[in-house]
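Visitor: Counting from 1, position 10 in the sequence shown corresponds to residue 10 in the UniProt record's numbering; the numbering is continuous, with no gaps.
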Amino acid sequence: MSESPPPTQSVRLPTLDQLRRRTLFKRLDEITLSRTPDYIALSQLSQVSVQTLSRDASETIKKKDILFVVGPDTKRGPEPHHAQTYWKVYVNAIYLGVSQEHVDWYHEIFLYCDYLYGKRDFGAVRLHRPEIKAEFIERLGETELVMSDVPGIIHGSTVEDKCELYRFESHRVNEPDIPPGSWYYRYELTHLSDKSKGDNDIVHGKIKDLQETLCECGKTYSPDSERQIFCKHCRRWLHVDCCDVYGPRFEDSEPTLAQQLASAPRTRGVVEDAEPNDWNIAGSGRNLNKYARWVERNPGEEEEEAEKYFVDKFGWAFYNAVLTDLKLEEVRCPRCSTVL
Ligand SMILES: [Zn+2]
Ligand SMILES: [Zn+2]
Numbered sequence: 001m002s003e004s005p006p007p008t009q010s011v012r013l014p015t016l017d018q019l020r021r022r023t024l025f026k027r028l029d030e031i032t033l034s035r036t037p038d039y040i041a042l043s044q045l046s047q048v049s050v051q052t053l054s055r056d057a058s059e060t061i062k063k064k065d066i067l068f069v070v071g072p073d074t075k076r077g078p079e080p081h082h083a084q085t086y087w088k089v090y091v092n093a094i095y096l097g098v099s100q101e102h103v104d105w106y107h108e109i110f111l112y113c114d115y116l117y118g119k120r121d122f123g124a125v126r127l128h129r130p131e132i133k134a135e136f137i138e139r140l141g142e143t144e145l146v147m148s149d150v151p152g153i154i155h156g157s158t159v160e161d162k163c164e165l166y167r168f169e170s171h172r173v174n175e176p177d178i179p180p181g182s183w184y185y186r187y188e189l190t191h192l193s194d195k196s197k198g199d200n201d202i203v204h205g206k207i208k209d210l211q212e213t214l215c216e217c218g219k220t221y222s223p224d225s226e227r228q229i230f231c232k233h234c235r236r237w238l239h240v241d242c243c244d245v246y247g248p249r250f251e252d253s254e255p256t257l258a259q260q261l262a263s264a265p266r267t268r269g270v271v272e273d274a275e276p277n278d279w280n281i282a283g284s285g286r287n288l289n290k291y292a293r294w295v296e297r298n299p300g301e302e303e304e305e306a307e308k309y310f311v312d313k314f315g316w317a318f319y320n321a322v323l324t325d326l327k328l329e330e331v332r333c334p335r336c337s338t339v340l
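1) Between Pro276 and Pro180, is the Cβ-Cβ spacing less than 8 Å?
2) For Thr143 and Tyr86, what's the separation of their Cα atoms in angstroms?
3) Might you give, ordered along the chain, the residues of its own chain that have their beta carbon closer than 6 Å to the beta carbon of Cys217, omitting 5 neighbours on each side?
4) If you follow the alpha helix (DSSP H) that Ile137 is part of, which residue opens it and which one closes it?
5) Classify Glu112 as helix, strand or coil using the three-state DSSP reduction.
6) My assumption, with CB atoms under 8 Å, is that Gly205 sits in contact with Val270. Please give the rounded CB distance.
7) So which of His128, Gln259, Leu116 has the shortest CA-CA distance to Glu296?
8) Report the three-state DSSP secondary structure of Asn289 (helix, strand or coil).
9) Tell me, which residues are paired with Lys162 by DSSP?
10) May I ask whether a heavy atom of ligand 2 can be found less than 7 Å away from the beta carbon of Arg172?
11) What does a CB cutoff of less than 6 Å around Ser58 pick up in its chain, not counting 5 residues either side in sequence?
12) At the level of alpha carbons, what is the spacing between Tyr184 and Arg167?
13) How would the residue list near ligand 1 read, in chain order, if you kept each one whose beta-carbon is closer than 5 Å to any heavy atom?
14) Could you check where the alpha helix (DSSP H) with Thr324 kicks off and where it finishes?
15) What are the boundary residues of the alpha helix (DSSP H) that includes Gln259?
16) Buried or exposed for Gln44, going by 16 or more other Cβ atoms inside 10 Å?
17) Use the C-beta contact count for Leu140: other C-beta atoms within 10 angstroms, 16 or more gives buried, fewer gives exposed.
18) I'd like the span of the beta strand (DSSP E) that includes Thr244, first residue to last.
19) Does ligand 2 have even one heavy atom less than 7 Å from the beta-carbon of His204?
20) Does DSSP put Thr213 in a helix, in a strand, or in coil?
21) Could you check whether the Cβ of Thr338 sits closer than 7 Å to any heavy atom belonging to ligand 2?
22) Can the beta-carbon of Phe230 be found less than 8 Å from the beta-carbon of Trp279?
23) Can you give the Cα-Cα distance for Val339 and Phe314, rounded to whole angstroms?
24) Can you give the Cα-Cα distance for Asp312 and Ile154, rounded to whole angstroms?
25) To the nearest whole angstrom, what separates the beta carbons of Val203 and Val331, a pair I think is in contact under 8 Å?
26) Measuring only from the beta carbon, is Pro335 closer than 7 Å to any heavy atom that is part of ligand 2?
27) Looking only at its chain, what residues have a beta carbon closer than 7 Å to the beta carbon of Pro248, apart from the 5 residues adjacent to it on each side?
28) In three-state terms, what does DSSP make of Arg297?
29) Considering only C-alpha positions, which residue in the set Ala262, Ser222, Leu257 is nearest to Glu138?
30) Rounding to the nearest angstrom, what Cα-Cα distance links Lys327 and Lys290 in this structure?
31) Judging by CA-CA distance, which residue of Asp273, Leu261, Gly285 is the nearest neighbour of Trp237?
32) Would you kindly work out how many angstroms separate the C-alpha atoms of Cys333 and Leu261, rounded to a whole number?
Structure, rendered in structure tokens:
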């Protein structure tokens, strides 16, 4: 190309080298976007095909995609998917930039993104409630990310790969399952502007709706190491250990197995020594609610049929996990005293 393309916006973009060295993980407002005579034209694209670094294949990138990107300090492991080490971003907009060298014009792809923070990336975040920070990070899952509205700009050539991300609405009881080892997010970090501070590497933020996900003890749920139980009355998840022990389940009356399964406590979290399963992070509530509705619609069903239906629908691993939960002592919600 030798003709000058019509500019759609008069802004100056940093060079690729600057992006890599200096601005890749800085906030957008730190990047010089000023009107200048040697502008670079930008036009917005709905999608773009970029060469991903990890698989050496081209990948179509669209708005709302989540990407692994290579940062300036990223230590790339021998495994192509050593994904923990990469930064993750949410694509807000895609721009085609045009730069000129001598008489030739070159196209370059820039992605305007919001950062996602993992357990290891949270160091540079200053939280609204500093006293909870250490505990909050500690309780994030290994493959959990925190969505943010902290903007950044990355060059198309820094894309390592695309990332599938599950939404986990942690305060609900009927959440879709989350496969073990997959990336998921439940929290959003709202970026509080703090321009008076000189330290630009620190992001000042607040975790949105944090209160909704706290147990009575004031702590969040650690999907990798804790068990929680749901209180239907408060619509709230509580650590099993934070509830008052009431007594054994099903002591006097002996309901049928189907009734017992349907009324099993809604729990979540991996049980020690057990293989993690799809329902562990989000909980048993979704499946048990389905089963409870089936039992209601089929009140006179034979025991064997009711058990077979349960196993066929949810599998042996889930069946055994629920049987284990039925052996849990009955506990009361510390807030409303409902038996859980
Ligand atoms: Zn608790
Ligand atoms: Zn309650």
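Where is the CB? At the ideal position from N, CA and C, for every residue including glycine.
Guide: Concretely, from the data shown:
1) Going by C-beta atoms, Pro276 is nearer than 8 Å to Pro180.
2) Annotation: Thr143 to Tyr86 spans about 12 Å, alpha carbon to alpha carbon.
3) Only Cys242 meet the Cβ criterion.
4) Following the DSSP letters along the chain, one finds Ile137 inside the alpha helix (DSSP H) bounded by residues 133-138.
5) The sequence given here places Tyr at residue 112; Glu does not occur at that position. Of the three classes helix, strand and coil, the one that applies to Tyr112 here is strand, per DSSP.
6) For Gly205 against Val270, the beta-carbon gap comes to about 29 Å, at or over 8 Å, which does not count as contact.
7) Minimum Cα distance to Glu296 is reached at Gln259.
8) Residue state, collapsed to three classes: helix.
9) In the DSSP output, where bridge partners are listed per residue, Lys162 has Leu67.
10) No heavy atom of ligand 2 is found nearer than 7 Å to the CB of Arg172.
11) Within the same chain, Ser58 has close Cβ partners Ser49, Gln51.
12) Cα atoms of Tyr184 and Arg167: separation of roughly 6 Å, rounded to the nearest angstrom.
13) Output, sorted by chain position: Cys215, Cys217, His239, Cys242.
14) 316-326 is the extent of the alpha helix (DSSP H) around Thr324.
15) In this chain, the alpha helix (DSSP H) harbouring Gln259 covers 257-262.
16) With fewer than 16 other Cβ atoms within 10 Å, it is exposed.
17) Leu140 is classed as buried because its beta carbon has at least 16 other beta carbons within 10 Å across all chains shown.
18) Residue identity check: residue 244 is Asp in the sequence provided, not Thr. From DSSP, the beta strand (DSSP E) with Asp244 extends over 244-247.
19) His204 has its CB no nearer than 7 Å to any heavy atom of ligand 2.
20) Here Thr213 carries a helix assignment [DSSP, helix/strand/coil].
21) Correct: Thr338 has its Cβ closer than 7 Å to ligand 2.
22) Not closer than 8 Å, so no.
23) Rounded to whole angstroms, Val339 and Phe314 show a C-alpha spacing of 26 Å.
24) Separation of Asp312 and Ile154 (C-alpha to C-alpha, rounded to the nearest whole angstrom) is 48 Å.
25) Contact between Val203 and Val331 is ruled out by a C-beta separation of about 39 Å, above the 8 Å threshold.
26) Checking the sequence shown, residue 335 turns out to be Arg, not Pro. Yes, since a heavy atom of ligand 2 falls inside the 7 Å radius drawn around the Cβ of Arg335.
27) Taken in chain order, the residues that qualify are Glu329, Glu330.
28) In the displayed model, Arg297 falls within a helix according to three-state DSSP.
29) Comparing Cα positions, the closest option is Ser222.
30) Inter-residue distance for Lys327 and Lys290 is about 21 Å (C-alpha atoms, whole angstroms).
31) Looking at the Cα atoms, Gly285 is the closest of the given residues.
32) Each residue's alpha carbon lies about 20 Å from the other.
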